[in-house]
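Some notes on the structure that comes next.
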Amino acid sequence: MLPLVGLVVLFYFLMIRPQQKRMKQHQAMVANLKRNDTVVLNSGVIGKVVRVEEREVGLEIATGVTIKVVRGMISEVRTRGEPAPANDAKK
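Per this note's numbering, residue 3 is the first one in the sequence shown, and the count goes up by one each step.
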């Protein structure tokens, strides 16, 4: 009986707890979406947020092309101000 309890505890700390932590981080990331954020969808599509609604997000994937996506399909929010390359001289 004791090995079975130990196995359940090990399963909880190695599988269930990390998954819950990732889920909370994803929910917080999606809840903090705002206009002009660059996001990546689960399918790999990259776009800029143009409209934020309760359950959906308007995403501009090309100039003049806007699609609606479900918030849960956003896998990553990229920063708006990514640093420029060191050899790029801005004038």
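Ideal Cβ placement from N, Cα and C applies to all residues, glycine included. Just so you know, these numbers come straight off a predicted model, no measurement behind them.
Backbone secondary structure at residue i - three-state DSSP
{"i": "L61", "result": "strand"}
Outcome for residue i when other beta-carbon atoms lying within 10 angstroms are tallied against a minimum of 16
{"i": "G8", "result": "exposed"}
{"i": "I63", "result": "exposed"}
{"i": "V71", "result": "buried"}
{"i": "G49", "result": "buried"}
Element boundaries [beta strand (DSSP E), containing residue i]
{"i": "L43", "result": "T40 to L43"}
{"i": "K50", "result": "I48 to V54"}
{"i": "K70", "result": "V67 to V72"}
{"i": "R80", "result": "I76 to R80"}
N-terminal and C-terminal residue of the alpha helix (DSSP H) that residue i is part of
{"i": "K23", "result": "R19 to A33"}
{"i": "F13", "result": "L4 to F13"}
* For the 8 Å Cβ check, are there 3 or more pairs between the segment 49 to 68 and the segment 7 to 24? -> The answer is no - the segment 7 to 24 does not touch the segment 49 to 68, with fewer than three Cβ pairs under 8 Å.
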